[in-house]
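Peer 1:
In this note's numbering, the protein residues as written are 14 to 609.
1) Identify, in the order they occur along the chain, each residue of the same chain with its Cβ nearer than 8 angstroms to the Cβ of residue 525, setting aside the five sequence neighbours on each side.
2) Would you call the CB atoms of residue 201 and residue 132 closer than 8 angstroms?
3) Just the Cα atoms here: how many angstroms apart are residue 41 and residue 248?
4) Could you give the first and the last residue of the continuous alpha helix (DSSP H) run that contains residue 192?
5) Quick one: what's got a C-beta closer than 8 angstroms to residue 438's C-beta in the same chain, skipping five residues either side?
6) Nearest to residue 515 by alpha carbon, out of 482, 535, 544?
7) Any beta carbon of chain B sitting closer than 8 angstroms to that of residue 307?
8) Taking 8 angstroms as the cut-off, decide whether the C-beta atoms of residue 569 and residue 544 are in contact.
9) Whose C-beta lies closer than 7 angstroms to the C-beta of residue 418 among residues of the same chain, with five residues either side of it excluded?
10) Any idea what DSSP makes of residue 176, helix, strand or coil?
11) Apart from the five residues just before and just after residue 348, which ones in its own chain have a Cβ nearer than 6 angstroms to its Cβ?
12) Pick helix, strand or coil for residue 599, following the three-state DSSP scheme.
13) Where residue 159 and residue 145 are concerned, what is the direct C-alpha to C-alpha distance, given to the nearest angstrom?
14) Going along the chain, which unbroken runs of the beta strand (DSSP E) with 3 or more residues stay wholly within the segment 405-470?
15) With distances taken Cα to Cα, identify the nearest neighbour of residue 172 among 156, 294, 191.
16) Using only alpha-carbon positions, find the residue among 209, 210, 217, 206 that is nearest to residue 189.
17) When you compare only the Cα positions, how much space is there between residue 440 and residue 223?
18) When the Cα atoms are used, what is the spatial distance from residue 513 to residue 358?
19) Could you give the residue range of the beta strand (DSSP E) that holds residue 395?
20) Where do the ends of the alpha helix (DSSP H) carrying residue 53 lie?
21) With a cut-off of 8 angstroms on the beta carbons, I'd call residue 239 and residue 60 a contact; round off their distance for me.
22) Note down, one range per segment and in chain order, each beta strand (DSSP E) of at least 3 residues found wholly within the segment 120-146.
23) Thinking C-beta only, is residue 571 closer than 8 angstroms to residue 585?
24) What do you get for residue 532, buried or exposed, if any count of 16 or more other CB atoms within 10 angstroms of its CB means buried?
25) With 16 other CB atoms within 10 Å as the buried threshold, where does residue 199 fall?
26) On a CA-only basis, which of 88, 252, 381, 565 is nearest residue 535? Give me that one, please.
27) For residue 51, does the count of other Cβ atoms within 10 angstroms reach 16, so buried, or fall short, so exposed?
Here it is as structure tokens:
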């Protein structure tokens with residue numbers, strides 16, 4: 014037990030030391046973790062896996078959307094940046110006149126937004142010429158100019174070995190350690206300015222900033238932070254415990270070249286506020302989806318287009334904003350006018366009400382307000398339906414949920430909608446799992462997944478799937494029955510937790526839906542979630558089993574949306590909080606993944 018505690022303390026100290034640099038040079042784009050890399054060869058292979066040689070052809074260009082003959086089989090994922098170019102003037106031999114080549118004309122850069130097996134769709138980000146079918150798209154096949162930058166290097170032999178291994182792979186032109194040492198001479202700073210200066214002086218593409226620390230059993234902890242040298246932007250951190258006696262090589266799957274984890278003006282940006290909920294829909298009916306975010310108190314609408322990414326609308330801040338807490342955000346076309354409405358549920362001063370926002374006459378307008386809770390649910394055979402439930406100060410959710418319909422120009426309560434015992438209005442969904450009846454699947458209060466057939470629970474997971482959820486305050490209890498409670502017990506009794514989103518979709522085209530949900534990970538050292546995964550659960554006939562997962566997302570998942578792709582598969586859009594480290598604040602961004 015004592016050895017394990019010492020081991021964890023050493024790992025934590027190493028990560029804290031690395032965090033000191035991250036605070037000065039920008040927080041890591043990915044939380045640090047001890048990976049299964051046990052040799053310098055494995056670390057070099059991991060670095061090389063981010064730079065596949067990829068080249069394809071533009072198939073079509075339509076309204077800023079560009080289809081390219083490259084797909085997931087080429088190692089592409091949504092978010093990758095490609096360079097577009099075309100053949101220009103012929104280059105002729107000065108004596109024979111024979112054609113020996115063509116001048117390359119750069120067209121611009123694009124960001125991949127959706128990927129299938131053999132093709133992808135991309136949005137234009139930087140235009141030098143008008144793109145057209147027949148243009149070429151590629152991740153550079155040239156050698157990547159890279160330098161290994163020592164930050165904390167008690168083992169220079171390890172960095173020398175890493176430099177040699179990277180050179181031997183043939184993908185990099187690695188700056189010699191002697192040139193690095195000369196450049197660092199008399200320089201005490203180890204920050205972003207240093208990386209930019211080094212990049213300019215040696216025309217670098219990538220800087221691998223490395224630190225080494227002692228670990229248990231004579232091993233060495235090596236951290237390697239990769240920077241896009243032109244912008245000095247970190248895009249990955251590799252953490253490994255090296256056993257210097259091992260020579261085992263570990264080659265990983267191909268990963269994207271400079272997949273943008275942070276965008277400034279192009280693509281989906283880091284949000285300038287603490288986002289809590291996210292809904293994606295074509296609210297303006299223009300063929301382009303908009304992103305609706307809640308910061309917990311008011312709404313923000315963003316739109317992505319060929320010209321960039323911009324905030325379309327922000328809800329005016331109410332005068333009593335400090336007393337307001339959003340409980341849920343959903344969207345659907347319930348009133349049948351062809352335009353999705355946004356349904357927002359608010360807890361404010363011990364009361365719960367919901368309001369509806371819709372895009373009308375060129376602007377976003379509040380069109381209705383109702384007492385109690387609202388949520389949208391996909392109901393088998395009926396599509397999207399609206400559910401509502403009253404608020405009770407003592408129990409929070411009061412009475413039986415009801416369906417709401419649009420009638421006579423307003424939202425009207427209709428039939429009761431009974432829920433199986435153990436489920437609340439939020440945190441459940443219907444699943445067409447191939448059985449005679451649809452299943453209802455949701456969370457209990459401890460984040461176990463429950464499966465119901467009609468009213469009967471038929472399965473409960475042993476594993477938990479923590480969602481961020483919402484912690485809301487009940488009305489204050491003042492009865493004498495609570496006098497004997499401790500302060501902690503009383504405070505706990507005044508709160509209720511509302512589970513996060515869980516969705517179902519047939520991602521593989523077999524006619525049966527699977528569950529998609531986040532699984533957030535608590536910190537060992539401090540309270541709260543520090544990382545997250547995204548899991549796919551399929552019904553086997555007797556139970557739900559994990560079919561695949563997206564691991565190490567970079568932070569806890571606050572919300573997510575699913576967009577069905579052409580053919581099979583889905584685009585998963587996740588709203589993630591990226592921990593900021595010791596000296597930087599948390600950041601919120603949307604990350605995109607393809608599920609097949």
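Glycine included, each C-beta is placed from N, C-alpha and C at the ideal position.
This structure is a prediction, so every number in the text was calculated from the model and none was measured.
Peer 2: Reading from the atomic positions:
1) 445, 446, 447, 519, 551, 552
2) no
3) The predicted model places residue 41 with a pLDDT of 34, which falls under 50 and marks its position as unreliable; any figure quoted below should be read in that light. For residue 41 and residue 248, the distance between alpha carbons rounds to 8 angstroms.
4) 190-197
5) 386, 388, 400, 402, 410, 414, 432
6) 482
7) Absent from the structure is chain B; it holds one protein chain and no more.
8) yes
9) 425, 427
10) helix
11) 419
12) coil
13) 33 angstroms
14) 409-420, 423-429, 441-444, 452-456, 461-466
15) 191
16) 217
17) 43 angstroms
18) 14 angstroms
19) Neither: residue 395 is in no beta strand (DSSP E) and is coded neither H nor E.
20) 53-61
21) 7 angstroms
22) 133-140
23) no
24) buried
25) exposed
26) 565
27) buried
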